[in-house]
Amino acid sequence: MSIQNRLNNIKKTCENCQNCALFERRNNVVFSNGKDSADIMIVGEAPGKNEDLTGEPFCGVAGQLFNDYLKKSGLNRDEFYITNILKCRPTDIERPNKDRVPKQEEINKCIHFLYEQIEIINPKLIVLAGGTALKTLTGKKSIQISKVRGQFFDLNINGKIYKATAIFHPSYLRQYATEVQKEQTLSDLGNIKRIYFSLQG
Ligand code: URA
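Sequential numbering of the sequence shown, starting at 11, is according to the numbering used here.
What follows is the structure in structure tokens.
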């Protein structure tokens, strides 16, 4: 079966998923966008309001800022495969308009979709955007972006080793980052760009 068909099958399963309560409030499952044949995969945290309404990852305010950072670094997001740890927007029933961080039990029920995406895409580099992606995929609860950004490390996903790096999450860059951290992100994306071009041969 082709990569595209395999991904479509998982996407269909994901669209019918009722494994956690988030399915009751979702408008759309947000599976991925970008290139199925990408060498570089970007993993964010979870859909927000705009992503839930459109079904596209990183299409809201954080996504716009992310696009700007990529453009400034000479990168085009269409060249990547982009997805999230959670495929449904995390909110609480009492506050359905307020985004919140994913709960561990939601991650546990959803993460197999991401593992399958990674196995099929087989990326040469996984870029973890933000603490949730970093902590979840390294399995290290206290690891910090500010300590490991700029480094390249191995991720063991179901026994297979993938190269990875971590960058500050665009929402963090928008709201809290210092000028130094913004510069660091441009530098990190510059390194990712070099890898991207070296992979293109
Ligand atoms: N933040 C994320 O981590 N992912 C999205 O798709 C949108 C916002």
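From the three backbone atoms N, C-alpha and C, an ideal C-beta is built for every residue, glycine too.
Which listed residue (the options) has its alpha carbon closest to that of residue i
| i | options | result |
| --- | --- | --- |
| L63 | I128, V39, I131 | V39 |
| G44 | G160, F178, I131, R184 | I131 |
| I103 | T146, N37, A31 | A31 |
| R99 | K157, E66, D46, A174 | E66 |
| G70 | P112, K59, Y79, L80 | K59 |
| Y182 | K173, A174, K192, T175 | K192 |
| S156 | T188, N166, E126 | T188 |
| Y125 | F90, K108, I167 | I167 |
| R36 | A56, L17, Q127 | A56 |
| E25 | I117, I92, G73, F123 | F123 |
| K173 | P133, H179, K203 | P133 |
8 Å Cβ cutoff met for residue i and residue j
| i | j | result |
| --- | --- | --- |
| G54 | F68 | yes |
| I205 | L135 | yes |
| D49 | I13 | no |
| I177 | A139 | yes |
| R159 | Q114 | no |
| L85 | L196 | no |
| T101 | I121 | no |
| N29 | K119 | yes |
Rounded straight-line distance, which links the Cα of residue j to that of residue i
| i | j | result |
| --- | --- | --- |
| M51 | E34 | 28 Å |
| Q161 | K150 | 16 Å |
| T148 | I95 | 12 Å |
| E89 | L80 | 11 Å |
| I128 | G169 | 12 Å |
| Q185 | Q74 | 14 Å |
| H179 | K82 | 16 Å |
| I153 | D78 | 27 Å |
| V137 | R105 | 31 Å |
Cβ-heavy atom distance, residue i to the ligand URA, below 7 Å
| i | result |
| --- | --- |
| G58 | yes |
| H179 | yes |
| A72 | yes |
| E61 | yes |
| V40 | yes |
| G65 | no |
| G54 | yes |
| A176 | no |
| F68 | yes |
| G160 | no |
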